[in-house]
Amino acid sequence: MSDDEDDDDSSYTHYSSRLSPISHPHTILFYIQYISRAEVEWNRKQEEILERHTNECSTLSSTTSTTTSDSTDTNTNTTQQQTDKQSRTQHNLQKTQKKQAEREKKLARESQLLDEAQNAGPSARDVELSQIRELYLCALQLEVEEVAADGNCLYRAVAVQFNRSSGGGGGYSEMRELCAETLFSNREEYAPFAELDDEGGAISTFDGYIEKVRNSSEWGGHLELRALAVGLKRTIVVYSADAPPLQIEGGDSEGECGEKDAIRLSFHRNYYALGEHYNCVVSVE
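According to the numbering used here, the sequence shown is numbered sequentially starting from 53.
This is the structure we're talking about:
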């Protein structure tokens with residue numbers, strides 16, 4: 053081989069030794085595989101990062117939603133409490149205004165009734181009471197003393213008067229018992245004057261009438277006054293506006309019980325709206 057050829061071979065060998073290792077076929081295949089694996093790993097990492105980012109975003113969104121919901125609930129509760137408080141305040145105000153209106157209406161009605169009463173003059177009760185005083189009581193220095201109106205007024209008024217003069221302590225029930233016994237003992241005298249129910253009512257017999265006197269709160273009348281006068285052996289005097297004084301003798305003989313011991317009552321048709329009523333008549337002290 054010539055010297056020139058040797059020089060060419062030497063130059064090629066030197067050049068080949070300076071080439072990058074990647075120029076070798078096996079090396080190139082290795083790098084291709086490496087790059088492929090790197091790309092796969094890179095894609096996997098990218099997917100993991102994307103999935104983690106997505107999860108974090110979802111968690112953050114859920115937390116934000118919960119916080120917003122809690123805040124909304126709190127605001128809703130606060131608003132509802134304020135609304136309830138305003139509603140209660142308004143309700144109480146309306147109740148107060150209603151009561152005030154009713155009070156003013158009642159006062160106006162009372163004022164109207166007072167004006168009507170003043171303009172109408174004295175009531176029937178006052179007129180009747182004034183007539184009894186002017187006709188009979190003032191001249192005798194007597195005055196009306198009121199007793200309760202409950203159906204027992206006649207018996208109660210007699211008991212009050214009798215106890216004052218005799219020192220007794222019985223009440224209206226004792227007077228009813230005495231009246232019933234007197235009616236029973238003298239039925240021939242009193243039975244014709246008893247008001248009975250002819251149509252088979254509750255009081256259709258004289259015995260039933262006596263039981264009513266004994267155990268009810270039924271008003272008494274002239275028949276009961278007569279029986280009480282006899283039973284107590286006292287004179288009973290009844291003053292009224294529409295008739296002369298009624299004097300019922302109760303002694304066994306004339307003058308047995310003096311006028312000083314007489315039981316004095318007043319009879320009123322208009323004293324109460326319920327009807328007839330008896331009061332005591334006493335000396336003016």
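Idealized CB from N, CA, C, for every residue including glycine.
Item                                                                                                                                                                                                  : Value
Give the secondary structure of I315 by DSSP, where H, G and I count as helix, E and B as strand, and everything else as coil.                                                                        : strand
Answer with buried or exposed for F319, where buried requires no fewer than 16 other C-beta atoms within 10 angstroms of its C-beta.                                                                  : buried
So, for A232: in the same chain, excluding its five sequence neighbours on each side, which residues have a beta-carbon less than 6 Å away from its beta-carbon?                                      : I262, V265 and R266
Alpha carbon to alpha carbon, how far is S139 from T131? Give it in angstroms, no decimals.                                                                                                           : 12 Å
Kindly indicate which residue of E99, A200 and G260 has the alpha-carbon position closest to the one of Y323.                                                                                         : A200
So, is G219 buried or exposed, given that buried needs 16 or more other C-beta atoms within 10 angstroms?                                                                                             : exposed
Could you tell me which uninterrupted alpha helix (DSSP H) segments, each at least 4 residues in length, are contained entirely in the segment 238 to 292, listed from first to last along the chain? : 239 to 242, 258 to 267 and 274 to 284
Please report the Cβ distance between Y242 and L235, rounded to the nearest whole angstrom; I am assuming they are in contact, meaning their Cβ atoms lie under 8 Å.                                  : 5 Å
Which residues share a DSSP beta bridge with C332?                                                                                                                                                    : E197 and L317
So, do the segment 285 to 298 and the segment 186 to 203 have three or more beta carbon pairs nearer to each other than 8 Å?                                                                          : yes
Quick check: D313 and R278, are their CB atoms within less than 8 Å of each other?                                                                                                                    : no
Any idea if F214 is buried or exposed, counting beta-carbon neighbours within 10 angstroms, 16 or more meaning buried?                                                                                : buried
Decide if E247 is buried, meaning its Cβ has at least 16 other Cβ atoms within 10 Å, or exposed.                                                                                                      : exposed
Are the beta-carbon atoms of A209 and Y330 separated by less than 8 Å?                                                                                                                                : yes
In three-state terms, what does DSSP make of N204?                                                                                                                                                    : coil
Could you tell me whether the Cβ atoms of G302 and I288 are closer together than 8 Å?                                                                                                                 : yes
Which class does L298 belong to by DSSP, given the choice of helix, strand or coil?                                                                                                                   : strand
Quick test of your reading: Q193 and S292, contact by CB under 8 Å. State the CB separation rounded to the nearest angstrom.                                                                          : Rounded, the Cβ-Cβ distance is 19 Å, inconsistent with contact.
With a threshold of 16 other CB atoms inside 10 Å of the CB of A355, please say whether the residue is buried or exposed.                                                                             : The question about residue 355 has no answer here: the residues shown for the chain are numbered 53 through 337.
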